[in-house]
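Notes to accompany the following structure.
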Amino acid sequence: MDATTSPVPLAAAPAAPAADAAAQSAWRLPMPAMLAVLATLLFPAAATWAGQDFYIGFASRVMIFVMAVSSLNLLVGYAGLVSLGHAAYFGFGAYVIAMLTVAAGKLLPSWATSAWVAWPLAMLGSALLALLVGAVALRTRQVYFIMITLAFSQMVYFLFIGMASFGSDNGMSLPGRSPVGLGVDLAKDTHFFYVVLALLVAVLLGLRSLVRSRFGVIVQAIAANESRMSAIGFPVFRYKLACFVIAGAVAGLAGALLANQNSYVSPHMLDWTKSGLLLVMLILGGAGYLAGGIYGTVALLVLEEVLSSHTPYWQAVVGVCIVAVVVVGNHGIAGMFDRSGQSSGGHGGH
Amino acid sequence: MNAPALQVKQLVKRYGGVLATDHVDLNVGANEIHALIGPNGAGKTTLVHQLAGSLASDSGSISFHGQDISAMPMHRRVLAGVARSHQVTSVFANYSVLHNVLLAVLARSGSGFRFSGSPFDEQALVDDARHAIALVGLQAKEHVPAHALSHGEQRRVEIALALATRPKLLLLDEPLAGMGPADTGEMVALIEQLKVHATIVLVEHDMGAVFRLADRISVLVYGKVIATDTPDAIRSSATVRQAYLGEEAVH
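Protein chains in written order, with the numbering used here: chain P, 28 to 377; chain G, 587 to 837.
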């Protein structure tokens with residue numbers, strides 16, 4: 028029984044909090060974040076002006092993965108729960124969209140495919156899946172937990188591979204993106220971009236609020252010393268499960284968006300290499316830092332996009348970059364910025 | 587005698603064929619300091635684990651102020667007023683003293699499932715934490731990370747963590763472990779002050795401290811309570827001396 032071990036090495040240890048406990052508004056962001064949001068807002072216009080409309084879709088894809096990786100960040104970076112099965116909730120959200128599309132007009136009313144209905148349902152579906160898996164998996168620790176999350180994820184993967192009504196191994200095309208109404212047409216890449224951006228900002232602000240809140244402080248303390256938190260009087264299982272479900276729900280939303288982005292779902296969205304990819308993006312970016320999900324995802328996807336057109340060995344280059352970042356310090360890209368004095372918020376402090 | 591605050595009846599814990607806790611009876615009065623002494627392996631820590639709720643007994647009962655807590659899981663017992671300090675310091679090394687104690691206060695302060703607003707901004711919580719920190723005399727070190735404290739100071743944070751839950755029953759598991767004479771003196775004075783606030787069950791090997799602090803002492807040998815009496819009676823008991831105190835130097 029361990030009383031003082033830190034969580035699995037992949038998670039960042041909480042740093043001593045700042046001595047100044049002054050209140051910080053959840054809505055006021057540090058300057059770099061404000062600039063990043065502004066730059067992103069202007070991106071579609073800039074891309075169109077430069078004649079590179081294709082990259083609007085690419086940027087949407089990047090943001091969707093940022094959302095998924097950020098949901099994993101809550102688990103790995105803050106709760107110390109290394110999940111190697113997170114793609115299951117990402118993919119399941121996408122499949123909920125597919126299921127609603129197939130059922131609409133027959134078992135369900137046609138408005139079931141509306142974004143207002145389908146996307147919350149995707150979140151709910153992934154949340155329920157996470158609840159079921161977490162209720163079992165969270166009774167284990169460390170390596171066993173990693174293996175069990177992987178195992179459950181593979182079960183869901185094979186379940187969908189076997190589903191002929193959704194195209195089995197080949198996956199299934201969707202007729203179009205979710206209808207939204209209100210003059211918004213997601214078929215237009217620019218509209219879709221802004222909707223994804225709005226949702227991503229909401230998720231990141233929510234994550235920021237959560238890690239500073241009672242819930243976040245408790246969860247991080249559980250990651251630091253679970254048996255002590257139990258002795259202090261917290262029902263630690265409940266908190267870990269809640270974290271697992273929240274992370275699953277957000278991943279489900281990201282999955283619904285990806286299904287829209289590609290107008291396509293496939294079981295391969297769920298397989299373990301996708302779980303591994305999410306984890307790599309997170310570690311590269313810096314688990315336990317709010318911006319960690321952003322840095323790692325952007326770095327990996329941009330590198331992939333830029334390098335793959337120049338060399339078939341782009342994965343080797345990316346691999347070297349990852350190793351370099353890990354060797355420099357074990358807190359990813361965000362950790363490198365932090366060392367130079369500029370904290371990106373979160374990371375165990377307040 | 588008034589109804590005991592803590593009543594343990596015929597408590598049993600088996601490990602394979604070994605009786606770690608052998609039909610133990612214990613009666614502790616309110617605001618009494620009751621010491622548990624005995625040789626290593628006698629089952630003192632096992633008993634404390636059962637009182638705290640981190641170990642389930644095989645049979646017997648534990649009641650606290652008339653309420654049967656035998657089946658309660660640990661977090662419910664904390665809410666019922668039972669708190670425990672650890673034999674091996676188990677504070678949050680990277681967190682400040684305030685952060686450490688605030689966590690203990692949080693456990694008793696309503697729902698932890700709040701997703702906005704920092705607990706460090708909640709004045710009531712911070713005040714409660716500061717109160718516990720002041721009780722152990724660490725006000726000046728509020729923002730120091732626990733790993734930077736001396737061993738004695740860390741043991742005091744241990745106590746503050748237990749006190750922050752406003753316990754009515756305080757289980758102190760070797761609070762003096764590893765302490766030099768100066769630290770020991772301070773800790774003994776602290777425990778004496780705490781008597782006013784709670785009933786205390788104290789497990790200790792430091793006999794000088796035990797005889798100074800305890801109102802009554804129970805002697806545990808091979809899982810069995812062989813004697814329960816006042817310090818003077820225990821000190822002069824031939825049975826106890828033979829079983830335990832005999833070779834020990836009393837300082």
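Built from N, CA and C at the ideal position, the CB exists for glycine as well.
Quick check on the DSSP output: the alpha helix (DSSP H) that includes residue 727 (chain G) runs from which residue to which? Where residue 727 (chain G) is concerned, there is no enclosing alpha helix (DSSP H), given that its DSSP letter is neither H nor E.
To be precise: take each residue of the region 640-664 of chain G, compare its Cβ to all Cβ atoms of chain P, and keep it if any distance is under 9 Å. Which residues remain? 640, 659, 660, 661, 662, 663, 664
So, using beta-carbon positions, are residue 258 (chain P) and residue 104 (chain P) closer together than 7 Å? no
Integer-rounded CB distance, given that residue 805 (chain G) should sit under 8 Å from residue 830 (chain G): 6 Å
With DSSP collapsed to three states, give me the class of residue 894 (chain G). For chain G, the structure presents residues 587 to 837; residue 894 (chain G) sits outside this window and is missing.
Short check: CB of residue 634 (chain G) to CB of residue 757 (chain G), under 7 Å? yes
From G:752, G:767, G:769, residue whose alpha carbon lies closest to that of residue 780 (chain G): G:752
On the criterion of 16 or more Cβ atoms from any shown chain inside 10 Å, does residue 336 (chain P) qualify as buried, or is it exposed? exposed
Could you give the distance in angstroms between the alpha-carbon of residue 122 (chain P) and the alpha-carbon of residue 129 (chain P)? 10 Å
Taking DSSP as the reference, what is the three-state secondary structure of residue 177 (chain P)? helix
Close beta carbons around residue 286 (chain P), own chain, < 6 Å, minus the five adjacent residues each side: 121, 124, 292
Counting contacts by CB-CB distance shorter than 7 Å, is residue 226 (chain P) in contact with chain G? no
Residue range of the unbroken alpha helix (DSSP H) whose run includes residue 629 (chain G): Taken as a continuous stretch (DSSP letters only), residue 629 (chain G) belongs to no alpha helix (DSSP H), as it is neither H nor E.
Is the CB of residue 700 (chain G) under 7 Å away from at least one CB in chain P? yes
Which residue wins for smallest C-alpha separation from residue 796 (chain G), given the options G:612, G:592, G:623? G:623
Rounded to the nearest angstrom, how far is the Cβ of residue 683 (chain G) from that of residue 728 (chain G), given a contact under 8 Å? 5 Å
By the three-class DSSP mapping on this structure, what secondary structure does residue 113 (chain P) have? coil
Cβ shell of residue 71 (chain P) (< 6 Å), same chain only, five flanking positions each side left out: 83, 217, 220
Contact set for residue 357 (chain P): own chain, Cβ-Cβ below 7 Å, skip 5 residues either direction: none
Might you give, ordered along the chain, the residues of its own chain that have their beta carbon closer than 6 Å to the beta carbon of residue 111 (chain P), omitting 5 neighbours on each side? 173, 176, 177, 302
What are the boundary residues of the beta strand (DSSP E) that residue 759 (chain G) is part of? 755-759
Fully enclosed by the region 236-286 of chain P, which beta strand (DSSP E) runs are 3 residues long or longer? none
Please determine, among G:708, G:743, G:737, G:731, the residue with the shortest C-alpha to C-alpha distance to residue 722 (chain G). G:743
With a threshold of 16 other CB atoms inside 10 Å of the CB of residue 81 (chain P), please say whether the residue is buried or exposed. exposed
To which residues of the same chain is residue 739 (chain G) closer than 7 Å at the C-beta, ignoring the five residues directly before and after it? 724, 727
Between the region 228-248 of chain P and chain G, which residues of the former have a C-beta closer than 7 Å to a C-beta of the latter? 236, 237, 239, 240, 241, 242, 244, 245, 248
CB contact check: residue 676 (chain G) to chain P, cutoff 7 Å: yes
Looking at the structure shown, is residue 301 (chain P) part of a helix, part of a strand, or coil, going by DSSP? helix
For residue 50 (chain P), does the count of other Cβ atoms within 10 angstroms reach 16, so buried, or fall short, so exposed? Legend: pLDDT at residue 50 (chain P) = 40, less than 50; position of this residue unreliable, value from coordinates given subsequently. Residue 50 (chain P) should be labelled exposed.
Backbone CA spacing between residue 153 (chain P) and residue 214 (chain P) [nearest angstrom]: 25 Å
Given a limit of 7 Å on CB to CB distance, which residues of the region 749-768 of chain G reach chain P? 751
Same chain only: Cβ atoms within 6 Å of residue 283 (chain P), ignoring 5 sequence neighbours per side: 120, 124, 146, 149
Cβ pair residue 685 (chain G), residue 260 (chain P) closer than 7 Å: no
In terms of residues, what are the limits of the beta strand (DSSP E) holding residue 671 (chain G)? 668-671
Since residue 798 (chain G) is in the alpha helix (DSSP H), which residue starts that stretch and which ends it? 793-799
How long is the line joining the alpha carbons of residue 250 (chain P) and residue 706 (chain G), rounded to whole angstroms? 19 Å
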